[in-house]
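Protein chains in written order, with my numbering: chain A, 71 to 395; chain B, 71 to 395; chain C, 71 to 395.
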């Protein structure tokens, strides 16, 4: 659809405006997002899980690709910030009348919309939209093709920080279909920006990008070797349609080579945490006993996802954090 | 799907926590629900039909079975209590990605959800979910298979109380497909708990449960005999697919035997009220002249449904009634 | 479905109650709507785009015909007035259970609904509903068949007034499929009521109504002649299915005869504005260079649509404008 260009995600005064990709952000901004999310985490534990930070703001969830789970977290985050939120399933609406994407967008922004949250199956869609919206509108990328999923990466960083404090000392392994994963791509960028000690990617040759080496990432095709002494294991979801494409043999064989079992988990550090962006395929990329085991922080990731999205949304709309308190 | 087990719907201190089935509740609790609903009835008549009781609470409508009408009443009740409410049509979302029901649930509860309102075509689904959610989450059954529909039963009890005051003196007839009706099952339990004078069920042999006698219910296959001197007539909706199953001959014949006409209504007490959970099949289970007639309280039931759901939701989430005033 | 009858859109004391068609309204009321919308326009530019005018009111969007764009504007308008708004896609819900439209309606109104916003493919649907709802319920027509789309017409009038001040001096041309257009019908009535200088309709014989002459409208089949010296050009959307019906030859030929190009635009007054209700078919009824050009006010129309709907909704529900300030 579009070429992915370098983008301008900050205002001239250095405030967050769009959130499209981790690429290009400084460590200080990623840290600010996590610090802000820390404040919102307490909001979700209150009796009244709501702050008036974005009251009167209009946020539109533009989901060109269906994803109830991600849409729900953005919708909840918006509601807990007291924004008005609208869900638009674009694929089934305006485009069915033959209207162009840009016309639909300009119409929606003419309604005094403050933010678009965009999910799209094509890489670069969110950036394309950000380049064409009016200056007052913020765009948040909720996943575009194989390109980026920056709020997912930030909730993962937040989860790691909650458990491990300092990134510099950590060894992090990402396991699975790195090649097609927008989540992995954003995670790798975030880990690098936060100065993590070592990033390893583990997977079959067919599912690893060719440019891994130039990215300073350690590559493992053997999972046992790759997991040795890591602090954090991030399992990726296996898109089952990859098997049809003959990129992997069968779910069973995949699990044998790259599924995370209790045995393999033993190779990591004793206090290693296990992460997964969900939804999980039990018995394909992860054994149930590990997914539900004491080292799994998979459901914490979901919880932190709300706080991270509240942080990004409120920062992009310029709401002052003191109102939270 | 699951075996229906005895359940624990109250907290240790005796507060309502889940609302899955009428079975096991004491008369005092059912009365408390109706008393609370009485307070909320006045809210719906105000200029501002809203109370801040559940502000900042997150309620998710999990509808595995489509029911716009019931979902609408729960959504409205939640909004009038100032809760944040999310509608999730589960059948068409997460499960399409192959995620298990429990994984979906645990994900949603990790978002700091306070309540699930569950509608499912399988009996026992709401109880299954209640057994597996985190302790802080309340589950309300909005209808599960042929098992239970407790908020419907309570709005029916509330409607009866509004018109008839004392349950002990009443003769109540339930007419139609008792065998497959979650509504009837919950009504019978509620009527028994509230100590109604006499419950009669009226219907063809093929649509009556075999255990009616042991439940202390009077069975009639002849509608004229069954309606004699009753105070309340509850018509059930005939699922038209029953006819395909050859359980009943035809809509026309059914109406002749078990449809409520003005003639048959004459057999009941002169001040008998006519109820129906809706949606009604005019000319199948009820004549239009009766449905729209002076003894019909069918639309009142709908109105009371909002108040009852507000009552149950606020009680389950521990909101104090004094805030209503 | 129904015969379109003369209707009573005002209460006995002359307040707006239903908004079904422009027909029958006095100039003073249309002016009041625009004046009120002027107030709401400033609300949408505020930091907090919300006023508490309709807090605690329940508004139901009943869309029997899908229209994401129009539904979105009504939903946004309702939310910015702080109402509780519910979206009901009726075609896919209640009627699938065989319930009659009126039963569905009476059920929804029994939930203490204050307003129905109705979109339907059949002419007269909104009036039919208005005739059958309880007296406390307001009905807003969001487009019914080929009959009327009065809020669209009012946002068009508002847009014209913003640019041209006095209607009496204006020459307005409406171009395209007048015959099937509810938008055109409502516009013509509004323009007449507001005392516009001259209304012209431009289109092929097959797409112009036969009663145009009796309406005091000037008819042009030649677009060049029709556009001469006009102040306002309103392009209509061409329903592409008209071509299947052989009412027009092809999109290409249509564009040649009745598409608005820069050349043809030159024939109008130099400060003429170009309007379109959207969604636009670029290269069919309008050239992209015109749609995006300096004389186009198409996106302003969208913006004003929110303010007009806020005005109509708040007036119909009797909310006092002083609360806006």
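No residue lacks a Cβ here, since even glycine has one placed at the ideal position from N, Cα and C.
Just so it is clear, the structure is predicted and the values come from calculations on it, not from any experiment.
In three-state terms, what does DSSP make of residue 227 of chain C?
helix
Check each candidate in A/201, A/159, A/155 and A/160 and name the one with the smallest Cα separation from residue 182 of chain A.
A/155
As a quick exercise: from C/361, C/144 and C/221, pick the residue whose alpha carbon is nearest that of residue 346 of chain C.
C/361
The stretch 101-116 of chain B contacting the stretch 222-239 of chain B, beta-carbon criterion three pairs below 8 Å:
yes
Residue 128 of chain A: contacting residues in chain C (beta-carbon distance under 7 Å)
119 and 146
Any contact between the stretch 231-245 of chain C and the stretch 255-263 of chain C? By contact I mean 3 or more CB pairs, one from each, below 8 Å.
yes
To the nearest angstrom, report how far apart residue 272 of chain C and residue 370 of chain C are at their CA atoms.
Distance between the alpha carbons of residue 272 of chain C and residue 370 of chain C: 23 Å.
Positions along the stretch 173-191 of chain A whose CB lies within less than 9 Å of some CB in chain C
Listed by position along the chain: 173, 174, 176, 177, 178, 179, 180, 181, 182, 183 and 184.
Beta-carbon proximity list for residue 324 of chain C, same chain, < 7 Å, skipping 5 on both sides
308, 318 and 354
Environment of residue 115 of chain C [buried if 16+ CB atoms lie within 10 Å]:
It is exposed - the Cβ of residue 115 of chain C has fewer than 16 other Cβ atoms within 10 Å.
Across which residues does DSSP place residue 89 of chain A in a beta bridge pair?
In the DSSP output, where bridge partners are listed per residue, residue 89 of chain A has A/210.
Quick one: which unbroken alpha helix (DSSP H) runs of 4-plus residues sit fully inside the stretch 324-386 of chain A? Chain order, please.
Within the stretch 324-386 of chain A, the complete alpha helix (DSSP H) runs of at least 4 residues are 332-335, 358-361 and 368-386.
Taking a contact to mean a Cβ-Cβ separation below 8 Å, would you say residue 144 of chain C touches residue 379 of chain C in this structure?
yes
Considering only the alpha carbon of each residue, which of A/189, A/326, A/278 and A/338 lies closest to residue 352 of chain A?
Nearest in C-alpha terms to residue 352 of chain A, of all of A/189, A/326, A/278 and A/338, is A/326.
Give every residue of the same chain whose Cβ lies closer than 8 Å to the Cβ of residue 93 of chain A, excluding the five residues on either side of it in the sequence, and list them in chain order.
Excluding sequence neighbours, residue 93 of chain A sits near 218 and 259.
Provide the residue span of the beta strand (DSSP E) that contains residue 268 of chain B, from first to last.
268-272
So residue 153 of chain C and residue 178 of chain C are supposed to be a Cβ contact under 8 Å. How far apart are they, rounded?
Not really, about 15 Å apart at Cβ, beyond 8 Å.
Less than 7 Å between C-beta atoms, sequence neighbours within five positions excluded: which residues of the same chain meet that for residue 357 of chain B?
The answer, listed in chain order, is 329, 330, 331 and 332.
Quick one: is residue 386 of chain A near chain C, going by C-beta distance under 8 Å?
Answer no: the Cβ-Cβ gap between residue 386 of chain A and chain C never drops below 8 Å.
Any Cβ of chain B within less than 8 Å of the Cβ of residue 363 of chain A?
no
Do you know how far the Cα of residue 150 of chain A is from the Cα of residue 188 of chain A?
19 Å
Buried versus exposed, by CB contacts within 10 Å (16 or more), residue 274 of chain C:
buried
DSSP state of residue 263 of chain C, grouped into three classes?
helix
What does DSSP give as the partner residue(s) for residue 80 of chain C in the beta ladder?
C/86
Give the straight-line distance between the Cα atoms of residue 366 of chain C and residue 233 of chain C, rounded to the nearest whole angstrom.
11 Å
Just mark residue 348 of chain C as buried or exposed, buried being the case when its beta carbon has 16 or more other beta carbons within 10 Å.
buried
Between residue 401 of chain C and the rest of its own chain, which residues show a CB-CB distance below 7 Å, the 5 nearest in sequence each way excluded?
The structure shown does not extend to residue 401 of chain C, since chain C is modelled only from 71 through 395, so no value can be given for it.
Residue 252 of chain A versus residue 117 of chain B - alpha carbon distance
50 Å
So, helix, strand or coil for residue 181 of chain A, using DSSP?
Residue 181 of chain A falls in the coil class under three-state DSSP.
Look at the Cβ atom of residue 173 of chain B, then the Cβ atom of residue 190 of chain B, and state whether they are nearer than 8 Å.
no
Please report the straight-line C-alpha distance between residue 195 of chain C and residue 210 of chain C, rounded to a whole angstrom.
11 Å
Taking Cβ positions only, does residue 135 of chain B come closer than 8 Å to chain A?
no
Any idea if residue 127 of chain A is buried or exposed, counting beta-carbon neighbours within 10 angstroms, 16 or more meaning buried?
buried
Chain-ordered chain B contacts of residue 383 of chain C [CB-CB under 8 Å]:
None at all; the shortest Cβ gap to chain B is about 16 Å.
Please check if any C-beta of chain A sits within less than 8 Å of the C-beta of residue 154 of chain B.
yes
Contacts that residue 125 of chain A makes with chain C (C-beta to C-beta distance below 7 Å):
118 and 120
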